[in-house]
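So the sequence shown is numbered by my numbering: it starts at -3 and just counts up by one.
Below is one structure, written out as structure tokens; the observations come after it.
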Amino acid sequence: MKKLSLLICFLIIGRITFSQDVTSISYDTNVSNEIKHAIHTDIGTLIFEVIYSINYEVTLLQNPKKRILRFRTGFFYAFESEAYGIHLGLTALFGKNNRYFELTVAGVPRILKGYEIDEFGFSGLYRYSIYPLIDLGYRYEPTNGKLSYRFKIGTTGLGVGFGYAF
């Protein structure tokens, strides 16, 4: 039994040491670390509300399989309710060549104009809230940094946008 245990230990330890070969690890050197920026404007409609936004995006992660993660910020304005805010979020792009499926998740701290009395009896001209922003869409963005456009649907309704990627 001792001999069998010793043989198993040597086989396991020998197998572990042979599996620590660093030359067999392949690294993908095609990963792009180039930081890209995009500025675009969107207009959308949610039933009777027209929403306008100006956005700036910077690429956080990008790989050769065209999965891109971007940080997004911008100014948001709703015409009918006179609400405005600055949104912060992430945009994920999935696709090949210049065509992408887009998923945006953001939060918009916004200010709504209107008269309101709070629970303490104070009246105010503005109300504050956080608006969730979730959009799905299609984006065409050339690799050489030209005019891009997008179509989306989400919590802001149907929308279209165009911009410039550099």
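The beta carbon of each residue, even a glycine, is placed where N, CA and C say it ideally should be.
Computed from a predicted model, the values in this text were never measured in an experiment.
For a test of the three-state rule: what should DSSP assign to residue i, helix, strand or coil?
i	result
Lys(-1)	helix
Pro105	strand
Ile43	coil
Pro128	strand
Ser49	strand
Ile21	Per-residue confidence for Ile21 stands at a pLDDT of 47, beneath the threshold of 50, marking its modelled position as unreliable; the derived number appears in the next sentence. Coil, per DSSP.
May I have the straight-line CA-CA distance separating residue i from residue j, to the nearest angstrom?
i	j	result
Phe71	Lys61	31 angstroms
Gln58	Arg135	16 angstroms
Val101	Glu78	23 angstroms
Thr87	Leu143	18 angstroms
Phe44	Tyr145	24 angstroms
Gly153	Ile82	18 angstroms
Ala34	Leu56	12 angstroms
Thr69	Tyr122	23 angstroms
Would residue i be called buried (16 or more neighbouring beta carbons within 10 Å of its own) or exposed?
i	result
Glu76	exposed
Thr139	exposed
Val54	exposed
Tyr96	buried
Ser49	buried
Provide the residue(s) that pair with residue i in DSSP beta bridges, ordered along the chain.
i	result
Val148	For clarity, residue 148 is Lys in the given sequence; the question names Val instead. DSSP output for Lys148 lists Gly133, Gly155 as bridge partner(s).
Thr69	Tyr52, Leu84
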